[in-house]
């Protein structure tokens, strides 16, 4: 369940970064100070949005495979996707102090997923 939520969050981030980057609400969400800054970073955000989409699809696809009975492949995809999400959130946390709140939000669901996957392997 947490992998699905993490995946959906990253699909939402994809939409915001790739298609709504210059929208005032998106600019506020990402602490963008001006329309000029949004325009100057639009190409980078578009690319970054697709990274988020691919991570989200890995987590979602992995969860679907687990539900379909393909536990090893599904768990592997979920682990790869959510580990990448969690590590990216740590990079954001350490590299951008003004975005630590967003980093924590991006970290929690993938981290919980990884803990649940670890527990499921141990048990």
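Numbering (the numbering used here), first residue to last: -9 to 113.
Ideal Cβ positions, reconstructed from N, Cα and C, are used throughout, including at glycine.
Comparing C-alpha positions only, which one of the options sits nearest to residue i?
i	options	result
residue 1	71, 17, 14, 13	71
residue 39	25, 102, 20	20
residue -7	113, 111, 105	105
residue 53	41, 43, 66, 42	66
residue 131	42, 24, 101	With the chain covering only -9 through 113, there is no way to say anything about residue 131.
residue 61	102, 111, 3, -1	111
residue 68	94, 12, 89, 101	101
residue 88	-9, 23, 30	23
residue 44	15, -1, 14, 27	-1
residue 37	4, 84, 109	4
Check residue i in the structure and name its three-state DSSP category.
i	result
residue 104	helix
residue 110	helix
residue 75	helix
Quick check: residue i and residue j, are their CB atoms within less than 9 Å of each other?
i	j	result
residue 64	residue 51	yes
residue 74	residue 35	no
residue -3	residue 49	yes
residue 57	residue 79	no
residue -5	residue 99	yes
residue 16	residue 29	no
Just to confirm the assignment: which complete alpha helix (DSSP H) runs, minimum length 4, are found wholly within the segment 2 to 71?
The qualifying runs are 14 to 19, 25 to 57.
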